[in-house]
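Engineer: Just so we're aligned, residue 0 is where the sequence shown starts under numbering that gives the first Met the number 0, counting upward by one.
Every residue, glycine too, gets a C-beta built ideally from N, C-alpha and C.
Quick one: structure below, then a few questions.
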Amino acid sequence: MILPLNPRVQLSVPSVADRVLLHTADEMSTDPAAQAREAAMQISLRTPGWWLHTDLDVLAEVEFSARGAPGEIHLAGGLSWPQLTEVVSSVLR
């Protein structure tokens with residue numbers, strides 16, 4: 000089954016996109032560590048505690064070919080392993 004560009008809408012799956020800080024792949028690839036620090040700062044201003052979930056689907060396909068579920072839409076781009084390491088390290092600092 001091929002889903003449209005925004006399958007959540009078609010499947011009536013709720014989104015938090017209007018309530019969270021989102022960055023495009025281009026924004027993340029420019030300076031992943033800075034984007035991560037900004038996100039951590041923003042959330043730390045609003046809550047005393049938070050957790051970090053790292054989804055390996057953010058990796059570029061050349062870095063991790065097993066990303067995504069079968070039949071899932073694969074978007075172009077993605078982070079390298081060093082970039083993902085930098086993002087997670089920056090947030091946890």
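1. Can you tell me whether L10 is helix, strand or coil according to DSSP?
2. To the nearest angstrom, how far is the alpha carbon of V8 from that of T29?
3. By Cβ distance, which residues of its chain are closer than 6 Å to F63, with the 5 residues on each side in sequence left out?
4. Expressed to the nearest angstrom, what Euclidean distance is found between the alpha-carbon atoms of M0 and G67?
5. Going by the beta-carbon positions, is the gap between G77 and A59 smaller than 8 Å?
6. Just the Cα atoms here: how many angstroms apart are L51 and L20?
7. Where does L55 fall in DSSP's three states?
8. Could you tell me if L96 is buried or exposed, where buried requires 16 or more neighbouring beta carbons within 10 angstroms of its beta carbon?
Structural biologist: Reading from the atomic positions:
1. coil
2. 29 Å
3. L55
4. With a pLDDT of only 43 at M0, under the threshold of 50, the placement of this residue in the model should not be trusted; the figure read from the coordinates follows. Straight-line Cα distance between these residues: approximately 15 Å.
5. yes
6. 14 Å
7. helix
8. Nothing can be reported for residue 96, as the shown portion of the chain is limited to 0 through 92.
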